[in-house]
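Undergrad: The opening residue of the sequence shown carries number 3 in the numbering used here; numbering runs sequentially from there. Idealized CB from N, CA, C, for every residue including glycine. Handing you a structure now.
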Amino acid sequence: MAYLRNTNLSSGTNHATPKTKFYQMRWFKITIPIVLILLIAGGVFFWKAGSVLNKITEGGILNSLAHSLPGIGDELKGENEDRINILLLGMRGENVPGGGLLADTIMVVSIKPTENKLSMISIPRDLY
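See below:
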């Protein structure tokens, strides 16, 4: 009788299930290749976009942006006289019927850098 006391004869309650490692699980086997493909595709995309931008800007986009901003490296015309004038022209699109390439908006901006003042005047399009 001691023999039956130590043995568990119930229906499957004492089965030990082996623990599977996380890298053996199905979700891991599906997720990792997808993540790797996305990382590789993103890296190729950014590398190609960077090389195209370097060709366009001749020496890098940051270098191009730094030299194209007004006041960096070059003096603006009129800066010595303490007055900078800018003409702003706003256009519709090319394919708009009824004068697509005509200027809709005409504005003159005058900047006085020493006093941090800015003046704007809007000129009507049909003014002769």
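Residue 115 to residue 88, Cα distance in whole Å?
TA: 13 Å
Undergrad: Pick helix, strand or coil for residue 45, following the three-state DSSP scheme.
TA: Correct three-state label for residue 45: helix.
Undergrad: Look up residue 129 in the DSSP assignment and say whether it is helix, strand or coil.
TA: coil
Undergrad: Report all residues from its chain with a CB closer than 8 Å to the CB of residue 90; omit the five preceding and five following residues, and keep chain order.
TA: 107, 108, 109, 110, 111
Undergrad: Which partner residues does residue 112 have in the DSSP bridge list?
TA: 87, 121
Undergrad: DSSP on residue 33, reduced to helix/strand/coil?
TA: helix
Undergrad: So what does residue 93 bridge to, in DSSP terms?
TA: 105
Undergrad: Using a threshold of 8 Å, state whether the C-beta atoms of residue 80 and residue 86 are closer than that.
TA: yes
Undergrad: Pull up the distance between the alpha-carbon of residue 55 and that of residue 41, whole angstroms please.
TA: 21 Å
Undergrad: So what's residue 98 in DSSP terms, helix, strand or just coil?
TA: coil
Undergrad: For residue 80, which three-state DSSP category applies?
TA: Assigned with DSSP and collapsed to three states, residue 80 falls in coil, not helix or strand.
Undergrad: DSSP three-state call for residue 2: helix, strand or coil?
TA: Shown here, the chain extends from 3 to 130; a query on residue 2 therefore has no answer.
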